[in-house]
Amino acid sequence: MESPTSTTEGGRTVTLYEASVWQRDNKYILSGYRRERASYFEMLTSLTFLHNETCNVYTHLIGALLLPLIAATVMRGLSQPHFQFSGVSGTDYTMFGIFFWSAEFCLLFSTAFHLFSAHSHEAEQFWHRMDLLGIVIVTMGTFIPGIYYIFFCELSLQRLHWFIVSPPTYSNSLPP
Numbered sequence: 033m034e035s036p037t038s039t040t041e042g043g044r045t046v047t048l049y050e051a052s053v054w055q056r057d058n059k060y061i062l063s064g065y066r067r068e069r070a071s072y073f074e075m076l077t078s079l080t081f082l083h084n085e086t087c088n089v090y091t092h093l094i095g096a097l098l099l100p101l102i103a104a105t106v107m108r109g110l111s112q113p114h115f116q117f118s119g120v121s122g123t124d125y126t127m128f129g130i131f132f133w134s135a136e137f138c139l140l141f142s143t144a145f146h147l148f149s150a151h152s153h154e155a156e157q158f159w160h161r162m163d164l165l166g167i168v169i170v171t172m173g174t175f176i177p178g179i180y181y182i183f184f185c186e187l188s189l190q191r192l193h194w195f196i197v198s199p200p201t202y203s204n205s206l207p208p
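All letters in the sequence shown, in the order written, are residues 33 to 208 by this note's numbering.
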């Protein structure tokens, strides 16, 4: 990866004061801002050099790439006859699936936000909303299996908690 030292017109990154006004969200990050580009392909090329979002992009991207492998390993392990827990049901697979899929969506939306945020102000706002939606999705995707297993023997409490948690989460994910 190349260093983002160049701040000339042709450089890949710019300083805080050369960045577009809408990109200046942290006065302590003085350099490494990607130039505003109206091309998603050009945003993808930012995977090849260092900038102020590099760590955010790669931590979410690597997680998004590894999670399906981890999920497949766990799901396969649940189906093994020698598995330490007997009586794994279809609902158990569903609960694990809800959790893994919600985490995958969260990681993918966060990757897209950090990768495409320098595209334009409008794109940054859109992908920021998608990033926040991913957080709502993983929150629900954690609550659903959590409530299922915590209240496994108390069906009425399980339904009550789902009733309490679901409407506020859904309403918070709606645009204003």
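Every residue gets a Cβ at the ideal spot worked out from N, C-alpha and C, and that includes glycine.
- Message: Going by DSSP in three states, residue 46 sits in which element: helix, strand or coil?
- Response: strand
Whose C-beta lies closer than 8 Å to the C-beta of residue 184 among residues of the same chain, with five residues either side of it excluded? 190
Below 8 Å, can you find three or more Cβ-Cβ pairs linking the segment 149 to 164 to the segment 117 to 134?
no
- [ ] Please check the pair residue 82 and residue 61, which I expect to be a contact at CB under 8 Å, by giving their CB distance rounded to whole angstroms.
- [x] Incorrect: roughly 13 Å between the Cβ atoms, too far for contact.
Check this for me: beta carbons of residue 131 and residue 173, under 8 Å apart or not? yes
* To do: Could you check the C-alpha separation between residue 125 and residue 74 for me, to the nearest Å?
  => 40 Å
Tell me whether the beta-carbon of residue 45 lies closer than 8 Å to the beta-carbon of residue 64.
It is a contact, given that the beta carbons lie within the stated cut-off.
From the DSSP secondary-structure annotation, give me the bridge partner or partners of residue 66.
45
Length of the line joining the Cα atoms of residue 165 and residue 146:
14 Å
Item to check | Exposure of residue 154, with buried meaning 16 or more beta-carbon neighbours within 10 Å | outcome: By the C-beta density criterion, residue 154 is exposed, having fewer than 16 other C-beta atoms within 10 angstroms.
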